[in-house]
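Number 92 in full-length UniProt numbering belongs to position 92 of the sequence shown; there are no gaps in the numbering.
Some notes on the structure that comes next.
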Amino acid sequence: MSDVWPHGKPQVGETAELSRTIGPTDIRLFTQISGDRNPLHYDVEAAESSQFGEIVVQGGVTSAVLNAVVAEKLPGPGTVFLNVNWNFTAPVRPGDTITGRVQVDEVRDDKPITKLTTTVSRDDGTTVLEGTAVCFTMAMPGSNG
Numbered sequence: 001m002s003d004v005w006p007h008g009k010p011q012v013g014e015t016a017e018l019s020r021t022i023g024p025t026d027i028r029l030f031t032q033i034s035g036d037r038n039p040l041h042y043d044v045e046a047a048e049s050s051q052f053g054e055i056v057v058q059g060g061v062t063s064a065v066l067n068a069v070v071a072e073k074l075p076g077p078g079t080v081f082l083n084v085n086w087n088f089t090a091p092v093r094p095g096d097t098i099t100g101r102v103q104v105d106e107v108r109d110d111k112p113i114t115k116l117t118t119t120v121s122r123d124d125g126t127t128v129l130e131g132t133a134v135c136f137t138m139a140m141p142g143s144n145g
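Pasting the structure below:
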């Protein structure tokens, strides 16, 4: 029953991605929203003396690009995460351009639920986040779904 899909049923193997460059404002705004005041994210001296050697971006900023991919592209508007299983494998630093990518692994016929492989990579090709997500997509008022 593909009529349970408000924007058309995604296909196994289908992919989507979005990129954005991360700056100091992203760190500042995420700190305000989350309350995450870890010195690794904003104290240059503390960050330089850590194993990272410089400021690193919060994981929530890194993973947020995946929120944008699923909400804007695939599966699309009205999509929310039900479950995520993410490993952060390398740091993101201010000035890095990151790309979030999702690939459809499973699609349910009875409910608008997809299982995705998710990755975020830096512009130098390094994978900084990898894992899976399960999403639910609902029709939004005023949409064509």
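Ideal placement from N, C-alpha and C gives every residue a C-beta, glycine not left out.
Every value quoted in this text rests on a predicted model; they were computed, and no experiment measured them.
Using the beta-carbon count (16 or more within 10 Å), is residue i buried or exposed?
{"i": "Gln11", "result": "exposed"}
{"i": "Asp123", "result": "exposed"}
{"i": "Arg101", "result": "buried"}
{"i": "Thr97", "result": "exposed"}
{"i": "Met138", "result": "exposed"}
{"i": "Ile33", "result": "exposed"}
{"i": "Val44", "result": "exposed"}
Nearest to residue i by CA position, among the options, is which residue?
{"i": "Val80", "options": "Thr114, Leu129, Glu17, Thr89", "result": "Thr114"}
{"i": "Val107", "options": "Gly53, Gln51, Val134, Val56", "result": "Val134"}
{"i": "Lys9", "options": "Pro77, Ser49, Phe88", "result": "Pro77"}
{"i": "His41", "options": "Thr99, Pro94, Gln103, Ile55", "result": "Ile55"}
Can residue i and residue j be called in contact, C-beta distance under 8 Å?
{"i": "Leu116", "j": "Ser63", "result": "no"}
{"i": "Phe136", "j": "Leu82", "result": "yes"}
{"i": "Thr132", "j": "Thr118", "result": "yes"}
{"i": "Ile22", "j": "Val57", "result": "yes"}
{"i": "residue 161", "j": "Ala68", "result": "Because residue 161 is not part of the residues shown, which for the chain are 1 to 145, the question remains open."}
{"i": "Trp5", "j": "Pro141", "result": "no"}
{"i": "Asp109", "j": "Val61", "result": "no"}
Pick helix, strand or coil for residue i, following the three-state DSSP scheme.
{"i": "Ile22", "result": "coil"}
{"i": "Val92", "result": "coil"}
{"i": "Met1", "result": "Low confidence applies here, because Met1 scores a pLDDT of 39, under 50, leaving its location unreliable and the question unanswered by this model."}
Does any heavy atom of the ligand COA sit closer than 7 Å to the C-beta of residue i?
{"i": "Ile113", "result": "Within the structure as shown, the ligand COA is missing, as the structure has no ligands at all."}
message = In chain order, what are the residue ranges of uninterrupted alpha helix (DSSP H) at least 4 long that sit wholly in the segment 30-78?
response = Secondary structure in the segment 30-78: the alpha helix (DSSP H) runs of 4 residues or longer, each lying completely within the stretch, are 44-48, 59-72 in chain order.
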